[in-house]
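Let me begin by presenting the structure, written as C-alpha coordinates, before commenting on it.
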Amino acid sequence: VRNPKEIKAMLEFCPERIGHACCLEDEEWKMLKSLNIPV
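In our numbering, the protein residues as written are 12 to 50.
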(Lines of atoms letter the chains of each structure in order from A and count residues from 1; the text may use other names and numbers.)
(Lines give C-alpha, C1' and ligand atoms only; values in the text may rest on other atoms or scores of the structure.)
Protein backbone atom coordinates (compact mmCIF):
# COMPACT_ATOMS: atom_id res chain seq x y z
CA VAL A 1 0.00 0.00 0.00
CA ARG A 2 1.41 3.35 -1.05
CA ASN A 3 1.98 5.71 1.88
CA PRO A 4 4.00 8.79 0.79
CA LYS A 5 4.02 10.41 4.24
CA GLU A 6 5.48 7.29 5.86
CA ILE A 7 8.08 6.80 3.11
CA LYS A 8 9.19 10.44 3.38
CA ALA A 9 9.49 10.18 7.16
CA MET A 10 11.50 6.96 6.83
CA LEU A 11 13.91 8.48 4.32
CA GLU A 12 14.36 11.63 6.41
CA PHE A 13 15.24 9.39 9.38
CA CYS A 14 18.15 7.96 7.28
CA PRO A 15 17.83 4.30 8.29
CA GLU A 16 20.67 1.79 7.85
CA ARG A 17 18.60 0.02 5.19
CA ILE A 18 15.10 -0.12 3.66
CA GLY A 19 13.07 -3.34 3.76
CA HIS A 20 11.18 -5.22 1.08
CA ALA A 21 7.72 -3.95 2.04
CA CYS A 22 8.23 -0.33 0.92
CA CYS A 23 6.53 1.05 -2.20
CA LEU A 24 8.74 3.79 -3.65
CA GLU A 25 7.95 6.16 -6.51
CA ASP A 26 10.72 7.55 -8.77
CA GLU A 27 11.35 10.65 -6.65
CA GLU A 28 11.61 8.58 -3.46
CA TRP A 29 13.90 6.06 -5.16
CA LYS A 30 16.21 8.91 -6.26
CA MET A 31 16.30 10.23 -2.69
CA LEU A 32 17.06 6.73 -1.38
CA LYS A 33 19.96 6.38 -3.85
CA SER A 34 21.33 9.86 -3.09
CA LEU A 35 21.42 9.01 0.63
CA ASN A 36 23.22 5.70 -0.08
CA ILE A 37 20.67 3.68 1.89
CA PRO A 38 20.88 -0.04 1.03
CA VAL A 39 17.76 -1.89 -0.02
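Heads up, the beta-carbon is just placed ideally off N, CA and C, and yes, glycines get one too.
Keep in mind the model is a prediction, meaning the values are calculated, not measured.
Length of the line joining the Cα atoms of residue i and residue j
i: A32; j: L46; result: 19 Å
i: I18; j: E39; result: 8 Å
i: K44; j: P15; result: 17 Å
i: R13; j: D37; result: 13 Å
i: A20; j: K41; result: 15 Å
For residue i, the first and last residue of its enclosing alpha helix (DSSP H)
i: A20; result: 15–24
i: L4; result: As displayed, the chain neither begins before 12 nor continues past 50, which places residue 4 out of reach and without an answer.
Neighbourhood of residue i by C-beta, 8 Å cutoff - its chain only, sequence neighbours within 5 removed
i: I48; result: L22, C25, P26, E27, R28, I29
Beta-carbon contacts of residue i that lie in its chain and below 7 Å, excluding the five residues immediately before and after
i: L35; result: I18, L43
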